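Chemist: Have a look at the structure that comes next, please.
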Amino acid sequence: MQDLEIVEASKGSGVIIKSYEKAAQFVRQFHDVQSIHEIQNELLTSIQKQHHELINLQDKAKQLISRTEHYRSVNPFIPYQLEMTADSPCIHQTVQALNFWQNTSSTIVGIRRGNELLLSPGPYVSFEEGDIIYFVGNDESFARVQSFLYPN
Numbered sequence: 001m002q003d004l005e006i007v008e009a010s011k012g013s014g015v016i017i018k019s020y021e022k023a024a025q026f027v028r029q030f031h032d033v034q035s036i037h038e039i040q041n042e043l044l045t046s047i048q049k050q051h052h053e054l055i056n057l058q059d060k061a062k063q064l065i066s067r068t069e070h071y072r073s074v075n076p077f078i079p080y081q082l083e084m085t086a087d088s089p090c091i092h093q094t095v096q097a098l099n100f101w102q103n104t105s106s107t108i109v110g111i112r113r114g115n116e117l118l119l120s121p122g123p124y125v126s127f128e129e130g131d132i133i134y135f136v137g138n139d140e141s142f143a144r145v146q147s148f149l150y151p152n
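Going by our numbering, the first residue of the sequence shown is number 1, and it counts up by one from there.
Below, the structure is given as structure tokens:
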């Protein structure tokens with residue numbers, strides 16, 4: 001502290017404060033250094049918490065994937081669904097006229113029309129606005145059916 005011209009030490013006389021201003025500045029600098037150390041510790045603690053949360057999130061995602069795959073293996077015929085709106089050029093056309101299966105590689109298993117559910121509709125059923133189409137197929141089926149029914 002003597003080198004910083006804060007105090008003057010004399011043998012036998014003790015220590016005399018030379019500059020209160022420099023002493024206060026030294027205390028502020030020490031406090032700032034301590035604050036930086038505290039901030040570093042808080043950051044490291046926060047990073048560790050986030051790391052643990054990411055590991056937990058990863059574990060939960062793996063569980064969800066595993067259970068989904070198990071459910072799919074138990075019941076591989078979970079249908080996709082798509083609602084028919086006025087935007088579709090396929091309204092009022094039959095499944096047969098549209099060559100639905102040939103164009104989508106998907107099989108229609110049902111159509112909900114209002115409160116009625118038509119199971120395994122034949123080739124002569126037409127799509128109407130508000131119908132919910134239920135169909136099965138592979139993983140790309142939903143995208144193929146959607147782009148077929150709504151080409152724009």
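Even glycine gets a Cβ: it sits at the ideal position worked out from N, Cα and C.
None of these values were measured; they are calculated from a predicted model.
Taking a contact to mean a Cβ-Cβ separation below 7 Å, would you say Ile133 touches Leu98 in this structure?
Modeler: The residue labelled residue 133 in the question sits at position 133 within the sequence shown. The residue labelled residue 98 in the question sits at position 98 within the sequence shown. No.
Chemist: Under 8 Å Cβ to Cβ from Pro123, same chain only, skipping five residues before and after it: list those, please.
Modeler: Translated into positions along the sequence shown, residue 123 becomes position 123. Correct list, in chain order: Thr94, Val95, Gln96.
Chemist: From what residue to what residue does the beta strand (DSSP E) around Leu117 run?
Modeler: Working through the sequence shown from its first residue, we reach residue 117 at position 117. Note, Leu117: beta strand (DSSP E), 116 to 119.
Chemist: Cβ of Phe100 within 7 Å of Cβ of Val136?
Modeler: Numbered from its first residue, the sequence shown carries residue 100 at position 100. Numbered from its first residue, the sequence shown carries residue 136 at position 136. Their beta carbons are not under 7 Å apart, which means Phe100 does not touch Val136 by this criterion.
Chemist: Count the other CB atoms within 10 Å of the CB of Phe127; is the residue buried (16 or more) or exposed (fewer)?
Modeler: Translated into positions along the sequence shown, residue 127 becomes position 127. By the 10 Å Cβ count, Phe127 comes out buried.
Chemist: Between Tyr80 and Ser141, how many whole angstroms is the CB-CB distance? I'm expecting something under 8 Å.
Modeler: Locating residue 80 in the sequence shown gives position 80, where the first residue counts as 1. Locating residue 141 in the sequence shown gives position 141, where the first residue counts as 1. With a Cβ gap of about 6 Å, Tyr80 and Ser141 count as contacting.
Chemist: Give me the Cα-Cα distance between Val109 and Ile65, rounded to the nearest whole angstrom.
Modeler: On the sequence shown, position 109 is the one that residue 109 refers to. On the sequence shown, position 65 is the one that residue 65 refers to. So the alpha carbons of these two residues sit roughly 26 Å apart.
Chemist: Could you tell me whether the Cβ atoms of Ile6 and Phe30 are closer together than 7 Å?
Modeler: Working through the sequence shown from its first residue, we reach residue 6 at position 6. Working through the sequence shown from its first residue, we reach residue 30 at position 30. Result no, Cβ atoms of Ile6 and Phe30 do not sit closer than 7 Å.
Chemist: Would DSSP call Tyr150 helix, strand or coil?
Modeler: Your numbering for residue 150 matches position 150 in the sequence shown. Of the three classes helix, strand and coil, the one that applies to Tyr150 here is coil, per DSSP.
Chemist: On the three-state DSSP scale, how would you describe Gln81?
Modeler: Start at 1 with the first residue of the sequence shown, and residue 81 comes out as number 81. In this structure, Gln81 counts as strand in the three-state DSSP scheme.
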